[in-house]
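For reference, the structure discussed in these notes is given below.
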Amino acid sequence: MQHLDGWTARASAADGDAKGYEHTETVKEYYDLCSELMIFGWGESLHFAPLSPRETLEDSKVRHQRLMISKLELREGMTVVDVGCGIGGPMRRVVREAGVRVVGVNNSELQLAKARSLNAAAGLDHMVDYLACSFMHMGAVADCTYDGAYAIESTCHAPDKTGAFVEIHRVLKPGSLFWGQEMCMTDRFDPHDSRHRAIKQDLMHGIALKDIATTGEVDRALETAGFEVIEGMDRAVDETRPSTPWYQPMDTRLRILGRKAFIGAAGLVEALRVVPKGTTDVVRLLDRTADAYVAGGRAGIFTPLYCFLARKPL
Numbered sequence: 001m002q003h004l005d006g007w008t009a010r011a012s013a014a015d016g017d018a019k020g021y022e023h024t025e026t027v028k029e030y031y032d033l034c035s036e037l038m039i040f041g042w043g044e045s046l047h048f049a050p051l052s053p054r055e056t057l058e059d060s061k062v063r064h065q066r067l068m069i070s071k072l073e074l075r076e077g078m079t080v081v082d083v084g085c086g087i088g089g090p091m092r093r094v095v096r097e098a099g100v101r102v103v104g105v106n107n108s109e110l111q112l113a114k115a116r117s118l119n120a121a122a123g124l125d126h127m128v129d130y131l132a133c134s135f136m137h138m139g140a141v142a143d144c145t146y147d148g149a150y151a152i153e154s155t156c157h158a159p160d161k162t163g164a165f166v167e168i169h170r171v172l173k174p175g176s177l178f179w180g181q182e183m184c185m186t187d188r189f190d191p192h193d194s195r196h197r198a199i200k201q202d203l204m205h206g207i208a209l210k211d212i213a214t215t216g217e218v219d220r221a222l223e224t225a226g227f228e229v230i231e232g233m234d235r236a237v238d239e240t241r242p243s244t245p246w247y248q249p250m251d252t253r254l255r256i257l258g259r260k261a262f263i264g265a266a267g268l269v270e271a272l273r274v275v276p277k278g279t280t281d282v283v284r285l286l287d288r289t290a291d292a293y294v295a296g297g298r299a300g301i302f303t304p305l306y307c308f309l310a311r312k313p314l
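Using our numbering, the final residue of the sequence shown is 314, and nothing's skipped along the way.
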């Protein structure tokens, strides 16, 4: 945990030296440390979704995943790549409901092992292949291999967003669709506002993001990589239907009190050696990150729900 806490300083020191810091290793360490606690607090699908007052958080995530499936025009016989698959929550829905084969790419072997276990328990393991590597360098995959791709809150971690999109573009067949969900700064972010800058820095540190792109920067990176951007929108903002702020599950008084109580409980069980040393530090990191999410959401300067659909031209 001490090594992870210092990543922002190492990244800043390496700004002038490309060989001085490898961000993909920081992201791997982040998820190796935090995944189990994330699952405990957020469920198997470790992503945000547009919320509705008529739904539970889990229902909203299912609805969001189904939107992605429909946008990708998935059908039986296809093979699609899950870029940065985590523990495979969305993957299992894609396999069940679209009947496609999925290849999960992840550089965290701990997360891949969890995905394998959960897929096997769900009876879906025969429909999934696994690739343990960074999505920045999928060298084991030939050009023009996959019928589609999706990346849910994964390419936001890329040290070079255009480079990530170039690699995804390479492994897709011509005409294939690519859905992405990015964490972005909104148009309301003011780089000259010290509070805005502080919130952004807290988010970058707490989520292991080397930078946080604007929505326009995401679109330009896709186009530079060779994609045609079909649509891009912040799905946290939907004026056509009643909605709940995306950060609301972290902002209720009960949730906040629960997080604080959990920190105390983690300290106790760590002292009793029931959980590994450093668990309390990880819980505190996630608690501070939840506060940063809420601050960014309340200020309207950050969204985890910039969703795009792009196509690799024929």
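Ideal placement from N, C-alpha and C gives every residue a C-beta, glycine not left out. This structure is a prediction, so every number in the text was calculated from the model and none was measured.
Residue i burial status per 10 Å Cβ neighbour count (16 or more: buried)
i: THR56; result: exposed
i: PHE59; result: The amino acid at residue 59 is misidentified as Phe; the sequence shows Asp. Exposed is the call here.
i: PHE178; result: buried
i: CYS144; result: exposed
i: GLN201; result: exposed
i: ILE230; result: exposed
i: PHE40; result: exposed
i: GLY216; result: exposed
i: HIS126; result: exposed
i: GLY86; result: buried
i: HIS23; result: buried
i: ARG195; result: exposed
i: LEU314; result: exposed
i: ARG93; result: buried
i: HIS64; result: buried
i: PRO315; result: No answer is possible for residue 315: the residues shown for the chain start at 1 and end at 314.
i: GLU228; result: exposed
i: ALA121; result: exposed
Closest Cα partner of residue i within the set the options
i: VAL80; options: GLY86, ASP59, VAL105; result: VAL105
i: VAL171; options: ASP211, ALA121, TYR21, PHE135; result: PHE135
i: ALA236; options: SER45, LEU51, GLU36, GLY43; result: LEU51
i: MET233; options: THR186, ASP190, PRO249; result: THR186
i: GLY123; options: ARG96, ASP32, HIS205; result: ARG96
i: ILE212; options: ILE301, HIS47, LEU285, GLU29; result: ILE301
i: CYS133; options: ASN107, ALA299, GLU153, GLY148; result: ASN107
i: LEU110; options: PHE227, TRP42, VAL27, SER243; result: VAL27
Those residues which DSSP pairs with residue i across a bridge
i: CYS307; result: GLN181, MET233
i: VAL332; result: Residue coverage of the chain in this structure runs from 1 to 314, which leaves residue 332 outside it and unanswerable.
i: ARG101; result: THR79
i: GLY148; result: VAL80, LEU177
i: PHE302; result: MET185
Presumed contact (8 Å Cβ cut-off) between residue i and residue j, rounded CB distance
i: ALA225; j: HIS169; result: 5 Å
i: GLU76; j: GLY99; result: 4 Å
i: PRO174; j: LYS312; result: 6 Å
i: GLY89; j: SER45; result: 3 Å
i: LYS210; j: PRO159; result: 5 Å
Cα-Cα separation between residue i and residue j, rounded to whole angstroms
i: ALA49; j: ARG188; result: 21 Å
i: VAL294; j: PRO53; result: 18 Å
i: TYR21; j: ALA208; result: 13 Å
i: ASP251; j: ASP291; result: 8 Å
i: VAL275; j: SER117; result: Reliability of the predicted coordinates at VAL275 is poor, the pLDDT of 49 falling under 50, and the value obtained from them is presented with this limitation in mind. Distance between the alpha carbons of VAL275 and SER117: 21 Å.
i: CYS307; j: VAL283; result: 29 Å
i: ALA115; j: ASP129; result: 11 Å
i: ARG101; j: ALA198; result: 42 Å
i: GLY206; j: ALA310; result: 29 Å
i: ALA164; j: HIS192; result: 29 Å
i: CYS34; j: VAL166; result: 29 Å
i: ILE69; j: MET91; result: 10 Å
i: ASN119; j: ASP190; result: 43 Å
i: TYR146; j: GLU25; result: 26 Å
i: LYS61; j: MET38; result: 15 Å
i: LEU203; j: GLY148; result: 30 Å
i: MET183; j: GLU153; result: 7 Å
i: GLY296; j: LEU285; result: 16 Å
Cβ-heavy atom distance, residue i to the ligand GTP, below 7 Å
i: GLN181; result: The model on display carries no ligand, and the ligand GTP is accordingly not part of it.
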